Amino acid sequence: MGLLYAFVIGLCVFGALYGIRLSRAEARLPEDLSVALEVGSTRTGLGGSLIDRLGMRWAPLVLRLMGQRRVAAVRRRIDRAGNPGGLTVDRYAARRFVYGFLGALGALVMLDKGQPVLAVLMLAFGLFWVEVGIWAAIRERRAAIERTLPDFLDVLAVVVSAGLGFRQALDRVAERYEGPWSDELRITLRQMDMGVSRREAFAELRRRNDSEQVAMFVNALQQGEELGAPIVDTLITIANDMRRTDAQNARRKAAKAVPKATSLVAMLMVPATIVLIGAGMFLGAGGISI
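So this is what it looks like as structure tokens:
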């Protein structure tokens, strides 16, 4: 047991010295950092930067162990999350190594103390902490886009009806908005400027975003283009459909909340009320002399 603690302390000292050396050295930027800058994300903070520096040397090994298919899946999830804090695939691999090492080390310490539950929790932290951050960022980004999209379409329809072309109107309205949806539109417009067709650029927009409303927008826009429908009518119809879908989802969530509230009352409040009434009757009957 004493040897294990000495080993852990030695690793901590080595890690601290190694981190100080890396913090004074020049950072090697990941090759795909341009993707993060493409969507307007800022670079990571001090804590995340230190973790990246500690694990960046081992990132290629982690990527090789993951395999090309899993790396491609991780890249898609990071794109859908909007590269939070400048997160890239290289930084993902570096953090997986650091968190995995810390989780395994903590699990060994907990097992040595005879606490297997905490050991399992430490392993889960090492394996899934980065994934939890990406999942939370995806949910937050999707919610922000779905809140912005209906109003954006209304404004875009007004600008198009004023006489501007769809490409120019899209650029003009995107400049007035901030947030993830504006970032996605800038990527789409840049792809169109580089020669990508409008259909392919919007199909890529749909792929990058795990949102039902974005898929609805792209599908309706492409169908309207194929059928030759007026773009203004198509935009107004899409916005109305999105608001109707939001209202239906809100009613569905409210309907699901009622059974949950009833179950909570049945499991917690009803037994507590019965105990309180029973205690009051017992004390009122003189069961306990005060």
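First residue of the sequence shown? That's 1 in this note's numbering, and the numbers climb one at a time after it.
Note that CB positions come from ideal geometry on N, CA and C, so glycine has one too.
Every value quoted in this text rests on a predicted model; they were computed, and no experiment measured them.
Between leucine 149 and glutamine 248 the beta-carbon gap is near 16 angstroms, outside 8 angstroms, which marks them as no contact. Using a Cβ distance threshold of 9 angstroms, glutamate 184 and leucine 153 do not count as a contacting pair.
Comparing alpha carbon positions, the residue from Ala72, Ser211 and Ala94 closest to proline 60 is Ala94. Counting only unbroken stretches of 4 or more residues, the alpha helix (DSSP H) elements lying wholly within the region 149-182 are 166-175, in sequence order.
The alpha-carbon of isoleucine 145 is positioned some 24 angstroms away from that of lysine 256. By the Cβ test, the region 97-113 is not in contact with the region 63-77, since fewer than three Cβ pairs between them sit closer than 8 angstroms. The C-beta of proline 271 has fewer than 16 other C-beta atoms within 10 Å across all chains shown, which makes the residue exposed. Scanning Ile231, Phe217, Arg69 and Ile236 for the CA closest to the CA of arginine 167 turns up Ile231.
Assignment of valine 98 by DSSP, reduced to helix, strand and coil, places it in the helix class. Under the criterion of beta carbons closer than 8 angstroms, glycine 100 and glycine 133 do not qualify as touching, at roughly 15 angstroms. Distance from the Cα of isoleucine 138 is smallest, within the candidate group Gly163, Met122, Gly82 and Ile277, for Gly82.
Residues of the same chain with a CB within less than 6 angstroms of the CB of arginine 77, apart from the 5 flanking positions on each side, are Ile134 in chain order. With fewer than 16 other Cβ atoms inside 10 Å of its own Cβ, arginine 176 counts as exposed. When only Cα atoms are considered, serine 161 and glutamine 223 end up about 19 angstroms apart.
With fewer than 16 neighbouring CB atoms inside 10 Å of its own CB, glycine 165 falls in the exposed class.
If you draw a straight line from the Cα of arginine 207 to the Cα of tryptophan 58, it is about 30 angstroms long.
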